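Note that the protein sequences, when read in sequence, are chains A and B. Here the first sequence stands for residues 1 to 111, where the numbers follow my numbering. Here the second sequence stands for residues 1001 to 1113, where the numbers follow my numbering. The beta carbon of each residue, even a glycine, is placed where N, CA and C say it ideally should be. Values in this document were obtained by computation on a predicted structure and should not be read as measured data.
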Amino acid sequence: DAKTTQPNSMESNEEEPVHLPCNHSTISGTDYIHWYRQLPSQGPEYVIHGLTSNVNNRMASLAIAEDRKSSTLILHRATLRDAAVYYCILRDVGGAQKLVFGQGTRLTINP
Amino acid sequence: GAGVSQSPSNKVTEKGKDVELRCDPISGHTALYWYRQSLGQGLEFLIYFQGNSAPDKSGLPSDRFSAERTGGSVSTLTIQRTQQEDSAVYLCASNLAGPGEQFFGPGTRLTVL
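As structure tokens, this is what we get:
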């Protein structure tokens, strides 16, 4: 699986937007970009995924660069409950189904 | 509906003892995964079951670790002759076949004294 690079930590304020970056310069044409997050003392939970086009769901938006070498997870209005470790993961649609987790970004939300 | 459940939630054992960890996946999910999360190693893949196919055991750290999945549903992860470095949270996930969203259980926290 191709490698991703994320900042170790980020901090934001409640009710403000948060942009979490991820670099994946070695991404291949068949790699999907997945985001999971892990709240304290819980298992990871799926957030969103995409291939080329930007994606929106009830939790977040995913903005994918035109060359696909980077992407940004956007939380439009952060709440205290969004404090978690966010993982950006590449998955080849035809490859192994396991998730390969990096260190992720620890997001702190200030009240 | 019910999510992925794991038992026990916590397990404390003595070095050298065997332990069994259980995972009940979401009903109908054909794929089941085991991961573990330790302070030193982060989240790492252990083993993957898909239907009746041979499991992907590429992440098992040693031959002390084994897992089985009976009847395509419940899975048991067994660690023999536990060592202190086996202390970690063991997470189970399941999904429908393919690269879709994986649903994780709450994990079993294993402490080896």
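- If you check the CB distance, C88 of chain A and T30 of chain A do not come in under 7 Å.
- Listed by position along chain B, the residues whose Cβ is nearer than 7 Å to that of G43 of chain A are L1091, F1104, G1105, P1106, G1107.
- Chain-ordered, the chain B residues with CB closer than 7 Å to the CB of R91 of chain A read P1099.
- C-alpha of L75 of chain A to C-alpha of P17 of chain A: approximately 6 Å in a straight line.
- For L1110 of chain B, the enclosing beta strand (DSSP E) stretches over residues 1108-1112.
- Excluding five sequence positions before and after T1013 of chain B, the CB atoms of its chain that fall closer than 8 Å to its own CB belong to V1019, T1082, L1110, T1111, V1112, L1113, given in chain order.
- In this structure, T105 of chain A places its C-beta atom within 7 Å of the C-beta atom of L20 of chain A.
- L73 of chain A is bridged by DSSP to A:L20, A:L62.
- V93 of chain A and L99 of chain A have their alpha carbons spaced roughly 12 Å apart.
- In this structure, the beta-carbon distance from L1032 of chain B to S1075 of chain B falls below 7 Å.
- Under the three-state reduction of DSSP output, Q1084 of chain B falls in the helix class.
- DSSP places F1049 of chain B inside the beta strand (DSSP E), whose first and last residues are 1042-1050.
- At a C-beta separation below 7 Å, G1042 of chain B has these neighbours in chain A: F101, Q103.
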